[in-house]
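There are 2 protein chains.
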Amino acid sequence: MNYQSFFSRAASGMQESAIRKMGMLGSRGSDLISFAPGYPDPASFPWDEFAAIAADGFKAREASALQYGPTRGYGPLVEAIGGVMAARHIPSKTDETLVTTGSQQGLDLIGRVLIDPGDVILVELPTYTGAITAFTNVQAQLVGVRQGSDGIDLDDLDAVIAGLRAAGRRIRFLYVVPNFQNPTGLLIGREKRLALLAAAARHDFLIVEDDPYGELYFSDVAGPADTRPIKADDSEGRVIYLSSFSKTLVPGLRVGWLVAPAALVAKLEIAKQAADICTGALDQYIVWQCMKSGVLDAQGPRLRALYQQKRLAMEHAMRRELGDVLSWPEPRGGFFLWASLPSGMDAEVLLEHAIARRVLFVIGTAFYVDGAGRGAMRLSFAQPSVARIEEGVERLATAVRDALGALERQGGVKGASIVSVPGMTS
Amino acid sequence: MNYQSFFSRAASGMQESAIRKMGMLGSRGSDLISFAPGYPDPASFPWDEFAAIAADGFKAREASALQYGPTRGYGPLVEAIGGVMAARHIPSKTDETLVTTGSQQGLDLIGRVLIDPGDVILVELPTYTGAITAFTNVQAQLVGVRQGSDGIDLDDLDAVIAGLRAAGRRIRFLYVVPNFQNPTGLLIGREKRLALLAAAARHDFLIVEDDPYGELYFSDVAGPADTRPIKADDSEGRVIYLSSFSKTLVPGLRVGWLVAPAALVAKLEIAKQAADICTGALDQYIVWQCMKSGVLDAQGPRLRALYQQKRLAMEHAMRRELGDVLSWPEPRGGFFLWASLPSGMDAEVLLEHAIARRVLFVIGTAFYVDGAGRGAMRLSFAQPSVARIEEGVERLATAVRDALGALERQGGVKGASIVSVPGMTS
Chain D
1 MNYQSFFSRA ASGMQESAIR KMGMLGSRGS DLISFAPGYP DPASFPWDEF AAIAADGFKA
61 REASALQYGP TRGYGPLVEA IGGVMAARHI PSKTDETLVT TGSQQGLDLI GRVLIDPGDV
121 ILVELPTYTG AITAFTNVQA QLVGVRQGSD GIDLDDLDAV IAGLRAAGRR IRFLYVVPNF
181 QNPTGLLIGR EKRLALLAAA ARHDFLIVED DPYGELYFSD VAGPADTRPI KADDSEGRVI
241 YLSSFSKTLV PGLRVGWLVA PAALVAKLEI AKQAADICTG ALDQYIVWQC MKSGVLDAQG
301 PRLRALYQQK RLAMEHAMRR ELGDVLSWPE PRGGFFLWAS LPSGMDAEVL LEHAIARRVL
361 FVIGTAFYVD GAGRGAMRLS FAQPSVARIE EGVERLATAV RDALGALERQ GGVKGASIVS
421 VPGMTS
Chain X
427 MNYQSFFSRA ASGMQESAIR KMGMLGSRGS DLISFAPGYP DPASFPWDEF AAIAADGFKA
487 REASALQYGP TRGYGPLVEA IGGVMAARHI PSKTDETLVT TGSQQGLDLI GRVLIDPGDV
547 ILVELPTYTG AITAFTNVQA QLVGVRQGSD GIDLDDLDAV IAGLRAAGRR IRFLYVVPNF
607 QNPTGLLIGR EKRLALLAAA ARHDFLIVED DPYGELYFSD VAGPADTRPI KADDSEGRVI
667 YLSSFSKTLV PGLRVGWLVA PAALVAKLEI AKQAADICTG ALDQYIVWQC MKSGVLDAQG
727 PRLRALYQQK RLAMEHAMRR ELGDVLSWPE PRGGFFLWAS LPSGMDAEVL LEHAIARRVL
787 FVIGTAFYVD GAGRGAMRLS FAQPSVARIE EGVERLATAV RDALGALERQ GGVKGASIVS
847 VPGMTS
């Protein structure tokens, strides 16, 4: 049977995530070192704390940990999230909060509730692939805005908006990852955050602020003052703020949340009812217990130290092995290093050399909505050990030299030179 | 701010689930007895087995239990599901299997991958509300087919199909719950199942077979031969089969699955990537361990005995208290008893009397796509204890007498009489 005629228009446009594909490749290979998936380090997981929480909950026959629960989220967890939000300078009420089955579900629900086919959504160039697919799956038209060294470029934003308005197009929302963006690791400056709010008010669009990495700043180059959410200054109610426990606790418990004006949350909750009824009860129970007992708070400093050490290891190795041919903005937090390739080098070609050398990354094109990105790659330093990072960068350096050699033989490049990635204005 | 202008067309049509609303009411009230939500009995949960599994997994630092995992599902679980399917007479391969975040997510993904706005989907009258909302949220046009005492009415199916074809409409799929349907508890007869496959082939539509209750037959009136899935005889590849561990283990682990032709599963998997990346790793790990260690197999006989006892308690109390005014098809498995009200009595009015008497049910209209159902209610006997079932039916009987008295005072009914529920042909 041929099922083509049964697929919806949305399904016909659905593409497999390039990152997930790479992730699968990484999980299969023998002695592959993968910088591809944005997986946290399992050494950071609070194993013993989870064991104690689960043992107590099962012993107490905590029915709320195994039964269906409210779509809005497990009551005590929703309350506790209010505390996290307050610490991030975002006062919120329970009717402005929705627990989601990971932050990805939040993006999916937002897409379904706010986007009709053909609607214009603004995104950064490059941006998180999961957002691209969530919004593309409801047939949005994604329009990219370039970034500078401190995040989204306001001049380009103005130009893009002017172009769209001239064409009679309405913008539904701007999607941004202000803190240690996936994939670039960039941080949007404080003034820019306020300017985005002003632009949203001026042109009547919403802002979807995705903040999974805000707690993971590297204290040698950033601090909590740098990560103040856009939502903290949202007096008008234009910002939908998303966050997650995937990076601060574990991703295998699928628990994220969003905070937004109550009228939006009410609709998103109805959409969630039909999407999965409710988020996993055991997952929510464990997360709440971690919040209550201080486990979550204790993770912050531990994770910041762990990932800072790994990023330093990667940067050190990169400078030593590849400093003359690659360039990258210094990651100030998060999981990722975003590297520009030598002029003329295609990330897809480099990836073939890298696979031959048993190292993986994600090619830049996965993150662009305008077809750019062939001259960039995303490296995640979060999961591998320091020793594996060093070994992986050495392999990558060999792969880059292989690719450069091939290029030179083809006359495609005269010696190595550093160029900017398309879409990065500086 | 007014957010109305930001909502998508899909969002504008989204309605809160009547059952979830009732569920919330039930969880708030003091000494309410709720027959409303289809929640399993927490006394059936394998608490100690879960405790042992979690303790072992955390102690062994099982990274796959807390990390991101494959969108398709945790490998060992996908393999094990193949065994469950074989026992249900459905040979399946791993590329025909997708683990979902509860069976509800399967319905949601199917809606997104197979339905464009305005597409015709056939459903039973009445049918599961979660399917109604999942398909309505992608703007399907749901068309109802009546049921008889052994499930969907083939004559009405033919008539509905003929009417649609005459109007030039194409049917995408038929959604059915063949085993102990939610809400009616009905079982589709063996011959009818084969006839549905023939109809699907003749008119070129797919069948979405939802089977969460098949294991929960009551051995005094049904057996495994009665629950053989439609998919077991699907030689053409027209059936998408869904099932779940929510009723056989616990609902708080959000783990369901679907089996379908590989080409459909590939597309559903891509849709799932953007919906929630992957199903919870800890949930899948626990479910798999329950399968491996025989916990799941041991649940079957326990659950059948438990729910049979509860259904007998409810039927016994109903016959004693309400046998002269209500009628219902005998549930042969599952969680639900579907009762027809006396002529002229409106379920919504009865519900007000019931709430005053501190007992809850779900009104019939929640399950109909054609506006019918005012003369019926769904009672779930799964969660309350036998004592609470008896007490709840006594309260319900008082409420019915209250409602009958009010009706008689209005001259709306001359004594009680039993009538069929709209949509039930027998």
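Those protein sequence lines, which keep their order, are chains D and X.
Numbering follows our numbering, with no gaps: position 415 of the first sequence is 415.
In our numbering, each residue carries its 1-based index in the second sequence increased by 426.
Glycine included, C-beta positions come from ideal geometry on N, C-alpha and C.
Verify the CB distance criterion: does residue i have a CB-CB separation below 8 Å to chain X?
| i | result |
| --- | --- |
| Arg61(D) | yes |
| Glu390(D) | no |
| Gly73(D) | no |
| Tyr175(D) | no |
| Ala317(D) | no |
| Gly13(D) | no |
| Gly334(D) | no |
| Phe45(D) | yes |
| Pro261(D) | yes |
| Arg358(D) | no |
| Pro183(D) | no |
| Ser8(D) | yes |
| Phe58(D) | yes |
| Gln67(D) | yes |
| Tyr368(D) | no |
| Asp276(D) | yes |
Are the C-beta atoms of residue i and some chain D residue less than 8 Å apart?
| i | result |
| --- | --- |
| Glu442(X) | yes |
| Glu662(X) | yes |
| Pro848(X) | The pLDDT assigned to Pro848(X) is 43, lower than 50, so where the model puts this residue is not dependable; a value taken from the coordinates is nonetheless given after this. So, not an interface residue. |
| Ile547(X) | no |
| Gly594(X) | no |
| Pro865(X) | What the structure shows of chain X is the stretch from 427 to 852, and residue 865(X) is not part of that stretch, so it cannot be assessed. |
| Gln699(X) | yes |
| Asp534(X) | yes |
| Val665(X) | no |
| Met427(X) | yes |
| Glu693(X) | It is Lys, not Glu, that sits at residue 693(X) in the sequence shown. So yes, Lys693(X) belongs to the interface. |
| Tyr639(X) | no |
| Arg680(X) | yes |
| Gly797(X) | no |
| Pro468(X) | yes |
| Leu833(X) | no |
| Tyr733(X) | no |
Where does residue i fall in DSSP's three states?
| i | result |
| --- | --- |
| Trp328(D) | coil |
| Tyr667(X) | strand |
| Arg193(D) | helix |
| Ser719(X) | coil |
| Asp636(X) | strand |
| Leu551(X) | coil |
| Phe6(D) | helix |
| Leu675(X) | coil |
| Leu407(D) | helix |
| Val510(X) | helix |
| Gly501(X) | helix |
| Gln493(X) | coil |
| Arg487(X) | coil |
(request) Report yes or no: do the region 590-605 of chain X and the region 646-660 of chain X share at least 3 C-beta pairs separated by less than 8 Å? (result) yes
(request) Note down, in chain order, all residues in the region 503-532 of chain X with a beta-carbon under 7 Å from any beta-carbon belonging to chain D. (result) Thr527, Gly528, Gln530, Gln531
(request) Report yes or no: do the region 510-520 of chain X and the region 478-493 of chain X share at least 3 C-beta pairs separated by less than 8 Å? (result) no
(message) Quick check on the DSSP output: what are the complete beta strand (DSSP E) runs of length 3 or more inside the region 724-807 of chain X, in order along the chain?
(response) 762-766, 802-806
(message) Taking 8 Å as the cut-off, does the region 312-319 of chain D touch the region 384-394 of chain D (at least 3 CB pairs, one atom from each stretch)?
(response) yes
(message) Using a Cβ distance threshold of 8 Å, determine whether the region 798-811 of chain X contacts the region 711-731 of chain X, with at least three qualifying pairs required.
(response) no
(message) To be precise: take each residue of the region 115-144 of chain D, compare its Cβ to all Cβ atoms of chain X, and keep it if any distance is under 7 Å. Which residues remain?
(response) Ile115, Asp116, Gly130, Thr133, Ala134, Asn137
(message) With three or more C-beta pairs closer than 8 Å as the rule, is the region 237-255 of chain D touching the region 346-362 of chain D?
(response) no
(message) Ignoring anything shorter than 3 residues, give me the beta strand (DSSP E) runs that lie fully in the region 519-551 of chain X, in order along the chain.
(response) 523-526, 546-550
(request) Would you check if the region 588-599 of chain X and the region 533-550 of chain X touch, i.e. whether three or more CB-CB distances between them fall below 8 Å? (result) yes
(request) Determine contact between the region 827-838 of chain X and the region 478-491 of chain X, defined as no fewer than three beta-carbon pairs at a distance below 8 Å. (result) no
(message) Can you pull out the residues from the region 376-403 of chain D whose beta carbon lies closer than 7 Å to at least one beta carbon of chain X?
(response) none
(message) Taking 8 Å as the cut-off, does the region 561-575 of chain X touch the region 276-296 of chain D (at least 3 CB pairs, one atom from each stretch)?
(response) no
(request) Evaluate the contact criterion for the region 208-218 of chain D versus the region 331-340 of chain D: three or more CB pairs, one atom per stretch, below 8 Å. (result) yes
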